[in-house]
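The structure appears below as structure tokens.
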Amino acid sequence: MRKIVVRRRGYRRKDGTYVKPTTYKMRDRGKPGKTPKSKRWYKPKRKLRYKGMEWHARNKASYRRRVLSGLVKRRGYATVVRELNALRNVTTSRQTKRAAESDMNWLRRKYGG
């Protein structure tokens with residue numbers, strides 16, 4: 003059996019007691035290998051695309067936000083935020099995560115509450 007190292011952060015309880023950070027080993031319960039497509043939980047139904055323009059992290063913020071504005075008109079604010087949030091949560095690219103976070107904040111300021 004393979005073991006993984008689990009690191010727990012320290013925290014402070016309501017009563018003020020500090021619990022120290024700890025490290026321990028436990029049995030790795032994950033299956034080895036790549037997750038097959040049928041078992042993946044994030045399956046984007048549609049791309050973040052509006053009138054031929056597509057949202058990419060490498061594009062300028064003004065271009066990405068123009069795409070998002072069109073998507074909000076077509077699909078609604080909540081749907082677009084959910085799709086962008088799902089992308090932000092599963093991406094392994096820091097650039098994509100930062101772009102998605104900044105665009106979500108922009109959407110919240112412009113359309114949301």
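The working numbering puts the first residue of the sequence shown at 3, with every later residue one more than the last. Don't be surprised by glycine CBs; every beta carbon is placed ideally from N, CA and C. All figures in this text were calculated on a predicted structure; none of them were measured in a lab.
For residue i and residue j, what's the separation of their Cα atoms in angstroms?
{"i": "Thr25", "j": "Gly12", "result": "11 Å"}
{"i": "Trp108", "j": "Ala101", "result": "10 Å"}
{"i": "Lys47", "j": "Ser104", "result": "23 Å"}
{"i": "Arg4", "j": "Leu89", "result": "31 Å"}
{"i": "Tyr113", "j": "Lys33", "result": "42 Å"}
{"i": "Asn87", "j": "Arg111", "result": "16 Å"}
{"i": "Glu56", "j": "Lys49", "result": "8 Å"}
Short check: CB of residue i to CB of residue j, under 7 Å?
{"i": "Arg10", "j": "Pro23", "result": "yes"}
{"i": "Lys36", "j": "Val7", "result": "no"}
{"i": "Gly78", "j": "Tyr52", "result": "no"}
{"i": "Val92", "j": "Tyr44", "result": "yes"}
{"i": "Val82", "j": "Val74", "result": "yes"}
Let's test the definition: count the other Cβ atoms within 10 Å of the Cβ of residue i and tell me whether it reaches 16, buried, or not, exposed.
{"i": "Arg66", "result": "buried"}
{"i": "Glu85", "result": "buried"}
Counting Cβ pairs closer than 8 Å, one from the segment 51-63 and one from the segment 33-43, do we hit at least three?
Flag = no, the segment 51-63 and the segment 33-43 do not touch.
At what residue ranges does the segment 8-86 contain a whole run of the beta strand (DSSP E), taking only runs of 3 or more?
24-29
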